[in-house]
Structures are given as C-alpha cells and as structure tokens.
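First the structure, in the form of structure tokens, and then the observations on it.
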Amino acid sequence: MRGSMIQTKTIEAFEDEFGRIETGLFSSADSDVQIVKYKGDSSSRLAFVGTLGLADKSRKKGGVGCEWFMEFPDDLSANQAASVLDHYVSMYLSGEIPEPKRGSYILFSSLKDRVWPNDNSVGFYFTIPVFRSDEFRKKSHANNIVPIWVVPIIKQESEILESHGWHRLEEYWDQMNTDLHDAYRVQVL
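When we follow the UniProt record's numbering, the leftmost residue of the sequence shown carries the number 1, and every step to the right adds one.
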C-alpha cells in the first residue's frame, strides 16, 4: 500500500508541474515502469514525457529513487522521445548503464542515432531540473523522488563535457543563454 501512495503522490507532483498524463506506455524492460506523456501547458509550447515507477526500481537497485523526464517543443514527436527514453531506461534497468546523476551523459552509439529526424543531438545529458517550480522540488523531495532532466546534447556540448566536465558545460549554457529544449540547436564558436 505504501508504494502505491508514494506513486500517487509522485503522479500528483509531476502532473502539477507538467500537466495531466495523456498517455502511458509500459516500458519495454519492465511492466512496473511506464513512459508517460503529459499534456503540458499550451502557453509554454512544450511537451513532456517521463518515467513513472522508475523510482521504485531505482531504490531496489540501491539507487536514489529517480524519475526521468524530457521536455521539448510541442511540435516534435512525443512518441519518438518516449521511444528513445524507453531504450535508455531499459539499459539502466538491465544494468548496462549506471543510475544517472547530475553531470552524467550518454553518447549515442552511432552518429545516425537521433531523438527526432535530422536533429543535432549526439547523446543525452542528465541534470537536475533547475527551471522547474519550487513547489515541484518540494513535492519531489517530500516523496523521496529525485527528478532527472534528460537533455539532448549536440557534438560541441559533448566535447565540453569530455574535456572540461559538467560544471563547465552548465556555465557555457548559462553564458550562451542556450535553449536546452531545442534539439536542432547548432554549434556556437
């Protein structure tokens, strides 16, 4: 019973932040984990997909209880984002990749791999949701959930990560006022 109450509170926290859940798909790796699409807020023009149930699996693996989410322009396919997110959730659940934390990243195995057709992403960067509301952070913390923002990164950003680390990448983003929702962003010299 306790698990379902925590999951209900997790749903409430995430729906308050991202809008009502519109669609849920079971993860290909575990039927207790779903990839869900949230309605979003039409004024922000953003779409959201995320995990539901991953925190329980994370804790059972000795992790911190994380739920992953992506946010992106609402004119891009949520199904494609959900599919790619599901792939990496499956890799995490099977032990192929460690639990991500702020500063972790995954480079796609092929230059042809993308989240959306012809986007400029070369991998994912995992970070804390700094642009989310204080209420979301408080509710997540109260429910012992660590929200992980999954951000598509471009080649230049992966090079900064590999050469200078995640602190420098996040400084770069701040300095350049980078739109992290734009998977089609281009390299800036």
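Backbone N, C-alpha and C fix where the C-beta goes; we use that ideal spot for every residue, glycine too.
Collapsing the DSSP output to three states places residue 52 in a strand. In its chain, beyond the 5 residues on either side, 27, 28, 35 have a beta carbon closer than 6 Å to the beta carbon of residue 86. Close CB contacts of residue 69 within its chain, under the 8 Å cut and outside five residues either way in sequence, are with 14, 18, 48, 49, 50, 51, 129, 147, 148, 149, 150 (chain order). C-alpha of residue 21 to C-alpha of residue 56: approximately 19 Å in a straight line. For residue 156, the CB contacts under 8 Å within the same chain, skipping 5 residues up- and downstream, are 187, 188 in chain order. Of the candidates 165, 174, 137, the residue whose Cα lies closest to the Cα of residue 66 is 137.
For residue 154, no alpha helix (DSSP H) run applies; the uninterrupted beta strand (DSSP E) run containing it begins and ends at 146-154, by DSSP. Inter-segment contact for the stretch 111-123 and the stretch 75-86 is present: three or more beta-carbon pairs are separated by less than 8 Å. Excluding sequence positions up to five before and after residue 30, its CB lies within less than 6 Å of the CB of 93, all in the same chain and listed in chain order.
Here residue 187 is not bridged, per DSSP, to any residue.
Closest option to residue 112, judged by alpha-carbon separation, among 121, 104, 105, 106: 121.
The beta-bridge partner set that DSSP reports for residue 73 consists of 46. DSSP places residue 89 inside the alpha helix (DSSP H), whose first and last residues are 78-93. Across the set 159, 58, 32, the C-alpha of 58 shows the shortest separation from the C-alpha of residue 101.
With contacts defined as CB atoms closer than 9 Å, residue 95 and residue 108 fail to qualify as a contacting pair.
Secondary-structure assignment with DSSP links residue 116 through no beta bridge to anything. Listed in chain order, the beta strand (DSSP E) elements of length 3 or more contained wholly in the stretch 6-32 are 21-26.
Counting only residues of its own chain and dropping the five nearest sequence neighbours on each side, residue 80 has a CB closer than 7 Å to the CB of 115, 116. In the DSSP assignment, residue 136 falls outside any beta strand (DSSP E) and lies within the alpha helix (DSSP H) extending over 134-142. Ranked by Cα distance from residue 166, the first of 106, 132, 141, 25 is 106.
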